[in-house]
Amino acid sequence: MQTSMELLAPAGNWDAFMAALKNGADAVYIGGKSYSARQSAENFDLPQIESAVDYAHLHNKKVYVTVNTLIDNDEFAAALDYLYALEQRQVDAIIIQDIGLAAACHRVLPKLRLHASTQMTVHNEGGAAFIKKQGFKRIVLARELANTDIKTVHEQYPDVELEVFVHGALCFSYSGQCLFSSMVGGRSGNRGRCAQPCRLAYQLKSRSGKNNLDPARHGRYLLSPADLCLIEYLPELKEAGVCSLKIEGRMKRPEYVAVVSRAYREALDLLEDSGQRPEPEIKENLLKVFNRNFSSGYFFGAGADFLSTRRPNNRGVFVGRVVEQKPDLMVKIKLTDAIGSGDGLVVWVGKGKNPVVIVEEMQIDGQRVNEATAGDIVSLQLEERVFPGDRVFKTHDEELLSEAQHSIRDEKAHKIYVDAAVSVGLGEPLRLILCDDEGNRGEAQTKTAAQMAEKYALDEEVLRDKLGRMGNTDFVLRNITIQGEGGLMLPFSDLNEVRRLALERLIEKRLLKHAKPVTSINYFNQEKQALLDDPRPDYNKTSPLLTVAVSSVEQARLALKNGADQVLLGLEGMGSRKRPSRSELKEMLALNQGKNIPQVIPVLPRISLPQDRYSYHRMVDEDFSALMVGNWGDLHWGLEQGFKILTDYSLNVFNIYSLKFLSGLGISSVCLSPELNFKQLHSFKGITGVEMIIHGELQLMEAQYCVLGATLGGDREKCTAPCSKDTFYLQDAKSYQFPAVVDADCRFHVFNSRTLCMIEDLARIISLRPHSLRIEARLMQDDQLSQTVKTYRQAINILLAEGEPDLNRYKNELAALGQPFTKCHYYRGVI
5 MQTSMELLAP AGNWDAFMAA LKNGADAVYI GGKSYSARQS AENFDLPQIE SAVDYAHLHN
65 KKVYVTVNTL IDNDEFAAAL DYLYALEQRQ VDAIIIQDIG LAAACHRVLP KLRLHASTQM
125 TVHNEGGAAF IKKQGFKRIV LARELANTDI KTVHEQYPDV ELEVFVHGAL CFSYSGQCLF
185 SSMVGGRSGN RGRCAQPCRL AYQLKSRSGK NNLDPARHGR YLLSPADLCL IEYLPELKEA
245 GVCSLKIEGR MKRPEYVAVV SRAYREALDL LEDSGQRPEP EIKENLLKVF NRNFSSGYFF
305 GAGADFLSTR RPNNRGVFVG RVVEQKPDLM VKIKLTDAIG SGDGLVVWVG KGKNPVVIVE
365 EMQIDGQRVN EATAGDIVSL QLEERVFPGD RVFKTHDEEL LSEAQHSIRD EKAHKIYVDA
425 AVSVGLGEPL RLILCDDEGN RGEAQTKTAA QMAEKYALDE EVLRDKLGRM GNTDFVLRNI
485 TIQGEGGLML PFSDLNEVRR LALERLIEKR LLKHAKPVTS INYFNQEKQA LLDDPRPDYN
545 KTSPLLTVAV SSVEQARLAL KNGADQVLLG LEGMGSRKRP SRSELKEMLA LNQGKNIPQV
605 IPVLPRISLP QDRYSYHRMV DEDFSALMVG NWGDLHWGLE QGFKILTDYS LNVFNIYSLK
665 FLSGLGISSV CLSPELNFKQ LHSFKGITGV EMIIHGELQL MEAQYCVLGA TLGGDREKCT
725 APCSKDTFYL QDAKSYQFPA VVDADCRFHV FNSRTLCMIE DLARIISLRP HSLRIEARLM
785 QDDQLSQTVK TYRQAINILL AEGEPDLNRY KNELAALGQP FTKCHYYRGV I
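In the working numbering, the protein residues as written are 5 to 835.
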């Protein structure tokens with residue numbers, strides 16, 4: 005049953021694809037072997053994608069293909085060829101992250117439908133306006149939006165389709181804004197290789213040592229969100245203007261996809277039929293198949309259940325407690341829920357590894373049983389020691405998963421019923437019409453004419469038998485009507501052939517409804533070559549500026565005093581939680597007067613949700629002529645207001661085509677992605693208007709959820725602001741320390757444990773001729789900032805004068821100021 009909201013399910017392989025469609029999904033999103041944000045999934049090659057699209061369209065379903073990673077220059081031509089191949093295979097839409105690839109696609113494949121990936125971090129009305137203007141038909145919104153935020157976006161742009169995640173794993177960081185896996189392990193989430201560092205254990209510690217978080221009380225998995233589940237809130241999603249409900253899980257088993265798709269299908273049908281919400285049993289099934297606990301995410305604002313700090317993986321369903329364990333490790337468990345043979349259980353112990361067992365044999369009062377219910381005391385054999393009172397969870401429900409497997413392999417399910425009309429006369433060919441319930445018809449006739457039967461006449465039994473043999477197709481013969489004379493015969497081979505032809509034409513008619521116009525190969529090749537042959541940007545002809553990113557007016561003054569050409573002044577009060585005042589900004593504005601290059605550039609926050617109480621636009625409106633933006637919404641606003649725009653590295657510019665796109669909008673300076681290596685940077689062949697980061701702590705995560713406030717802040721409604729009383733860091737199992745700070749909007753930021761330092765490679769970087777070189781100084785103390793800026797100023801001046809500075813000495817001086825150094829991705833790159 006089709007509803008007003010689409011149910012969109014994931015598939016990492018063919019079985020999961022079938023699981024989704026056979027259990028009620030309206031559409032499925034899949035990834036190819038390349039350019040997909042879940043590269044660890046099995047994924048689909050082009051022949052499999054073609055088969056998937058044909059199968060889905062035959063059943064009036066849709067297939068979206070993810071091409072939602074950043075594309076480097078050397079991959080770009082092949083990526084365009086891949087998109088062309090997908091268009092030829094009639095995919096219903098492409099989900100894209102890379103703005104350069106999207107812009108190129110609109111040029112060379114103008115008929116291809118594009119959806120903006122959640123990796124683009126679209127989270128406000130301005131972002132929706134910008135994305136719409138670039139030709140996207142749908143936006144997969146950031147998962148951090150509340151229902152009121154979604155509604156605001158929809159009311160402003162009702163003609164833009166909004167897709168929202170409703171179930172599955174959540175990222176701790178805003179998607180598209182996470183560099184944690186990249187910087188720590190070289191596996192980039194922006195390139196589909198996230199190693200999920202948010203699921204690892206961390207300790208939250210303070211520099212003073214007085215405000216350390218107790219792991220025993222709060223848990224160790226401080227960045228691990230509980231799973232999202234919005235099945236109870238479908239009416240609110242519909243009211244907010246959501247058009248597509250997205251289930252996360254391309255890495256999940258087909259059985260998971262089947263159970264979750266069926267649950268949401270039932271809930272959607274119930275909503276459409278009666279306006280009611282689902283019964284608790286439906287959510288119980290979702291808990292049984294996989295959960296890290298469930299929460300409503302940010303849909304109503306993140307609550308105390310947002311994180312799953314005790315366990316980062318499947319916790320299952322609580323089914324009882326240990327009563328006792330004998331010396332032979334036979335254990336008695338008092339059940340609070342049913343278990344059965346084949347179920348998987350885990351016992352949560354106070355220390356050590358949690359014992360797991362598959363129920364193969366269990367007893368009640370000495371009698372072997374296959375099932376047990378709440379209130380029963382069952383005996384099971386374990387291999388490890390447990391203790392009375394330990395909790396027992398069911399992580400594998402054999403009955404539920406068996407039902408899911410049956411739904412996938414059920415040959416009778418998902419069939420298309422057809423009626424046959426046969427007309428036959430002596431000396432005439434047999435005519436066959438196959439008709440489905442939608443009025444589609446496939447017609448054919450035999451090559452030979454009917455003759456009088458000598459033995460076996462073509463009665464209804466014979467015709468039903470021969471015409472009903474529809475092989476491995478999804479068609480089933482239902483009714484058959486026969487017109488004409490009796491006592492006639494035809495070779496059975498002719499009947500088989502007429503059935504095959506009629507069925508083939510019926511399939512063509514069903515697929516024709518979903519046929520989309522495609523780009524001709526000549527047009528594609530011509531436009532692609534013109535795009536690839538476009539003149540590269542010229543090399544920058546002026547000396548690079550030394551820019552310094554700061555978080556306060558005091559830092560700005562220090563940076564300028566020690567040789568910065570320009571400061572990038574963050575307005576969100578990073579760390580201090582104190583925004584610059586209007587009077588302070590006016591003082592800074594005065595520094596720009598009479599300067600060809602403004603000395604102070606305000607930097608708008610990366611995130612600005614529709615319902616945020618504070619408006620940063622009012623801080624800079626009409627006063628400053630230039631500003632830096634870090635999201636598509638502020639870019640849209642800034643261009644409309646006529647500002648000179650600089651863009652931050654949060655826009656993930658990874659190739660020359662994204663740079664060209666932004667330059668074409670009039671952007672004066674573009675900070676490239678810090679995930680690029682030297683080889684990739686050289687492939688730009690000219691980086692006019694480009695800013696490169698050469699020193700400082702890079703931000704790894706920005707999260708809407710504040711760990712400090714949720715754990716040390718007391719009442720969430722009246723947070724005691726522990727962030728203002730100490731400085732904090734997250735320490736991992738290897739004792740690496742990642743600074744954690746909060747801004748004035750109570751957003752949580754995690755920074756790298758190592759300081760980027762490219763002083764030794766300064767000559768090589770300058771030889772690339774960037775527009776500006778940036779020092780990230782937002783976390784620096786005054787003495788660190790002063791000395792760092794002064795050192796780079798001296799080194800740059802000597803290099804520009806064609807001298808030879810002692811860069812090794814400069815490095816040692818900088819190393820004495822703080823934590824260990826890294827060169828991030830300049831040499832290693834990412835996968």
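Quick reminder that beta carbons are idealized off the backbone N, C-alpha and C, glycines included. Just so it is clear, the structure is predicted and the values come from calculations on it, not from any experiment.
Listed in chain order, the non-local C-beta contacts of A13 below 7 Å within the same chain comprise A24, A29, V32, I251, V261 and S265, local neighbours out to five positions each way being set aside. When I601, A725, S654 and V422 are compared, the shortest CA-CA separation from S672 is found for I601. Rounded to the nearest angstrom, the gap between the Cα atoms of F682 and S662 is 18 Å. Look at T377 here: in three-state DSSP terms it is coil, with no helix or strand label.
The beta carbon of A271 sits closer than 7 Å to the beta carbons of I235, L238, P282 and I286 from its chain, once the five residues preceding and following it are set aside; these are given in chain order. Leaving aside the five residues that flank N566 on each side, the residues in its chain whose CB is nearer than 6 Å to its CB run, in chain order, S790, V793 and K794. No Cβ-Cβ contact shorter than 8 Å links G190 with V754.
K513 and L430 have their C-alpha atoms spaced approximately 30 Å apart. Per DSSP, the continuous beta strand (DSSP E) segment holding A97 begins and ends at A97 to I100.
Residue state for S728 is assigned as helix, using DSSP reduced to three classes. Distance from the Cα of E388 is smallest, within the candidate group T125, V326, L494 and H400, for V326.
Excluding residues up to 5 positions away in sequence, E129 and A132 lie with their Cβ nearer than 6 Å to the Cβ of V157 in the same chain. In this structure S210 is not in contact with T551, their Cβ atoms being roughly 31 Å apart against a cut-off of 8 Å. A straight-line Cα-Cα distance of about 11 Å links C109 and F140. For S411, the CB contacts under 6 Å within the same chain, skipping 5 residues up- and downstream, are K26, N27 and A262 in chain order.
Listed in chain order, the alpha helix (DSSP H) elements of length 4 or more contained wholly in the segment 618-654 are 621-624 and 636-645. The beta carbon of Y620 is closer than 7 Å to those of L575, L608, P609 and S612 in its chain, skipping five residues each way along the sequence. In the DSSP assignment, H119 falls within the unbroken beta strand (DSSP E) covering L118 to A120.
When Cβ pairs closer than 8 Å are counted between the two stretches, the segment 87-107 is seen to touch the segment 51-63, the count reaching three or more.
Taking the CA atoms as reference points, H222 sits about 15 Å from Y709. When beta bridges are read from the DSSP output, P14 appears opposite Y33.
The alpha-carbon of Q455 is positioned some 47 Å away from that of F21. Taking the CA atoms as reference points, L462 sits about 10 Å from L499.
By the CB criterion at 8 Å, S121 and R147 fall outside the cutoff.
Listed in chain order, the non-local C-beta contacts of L515 below 7 Å within the same chain comprise D58, H61 and L62, local neighbours out to five positions each way being set aside. For F48, the number of other beta carbons within 10 angstroms of its own is at least 16, and it is reported as buried. Three or more beta-carbon pairs separated by less than 8 Å link the segment 349-364 to the segment 388-406, which places the two stretches in contact. For M187, the enclosing alpha helix (DSSP H) stretches over residues F184 to G189. Below 8 Å, enough C-beta pairs join the segment 32-46 and the segment 195-211 to call them touching: three or more. Between K155 and A244, the gap from beta carbon to beta carbon is short of 8 Å. In the pairwise beta carbon analysis, the segment 799-814 is classified as not touching the segment 584-603: fewer than three pairs are separated by under 8 Å. In this chain, S771 is not harboured by any beta strand (DSSP E); it is covered by the alpha helix (DSSP H) spanning L766 to S771. For F688, the three-state secondary structure derived from DSSP is coil. A distance below 7 Å between beta-carbons, with the five flanking residues on each side excluded, links K648 to the following residues of its chain, in chain order: S629, A630 and S672. Within the DSSP bridge table, the entry for M456 names L492 as partners. For R319, the CB contacts under 8 Å within the same chain, skipping 5 residues up- and downstream, are N295, R296, N297, S312, F397 and T399 in chain order.
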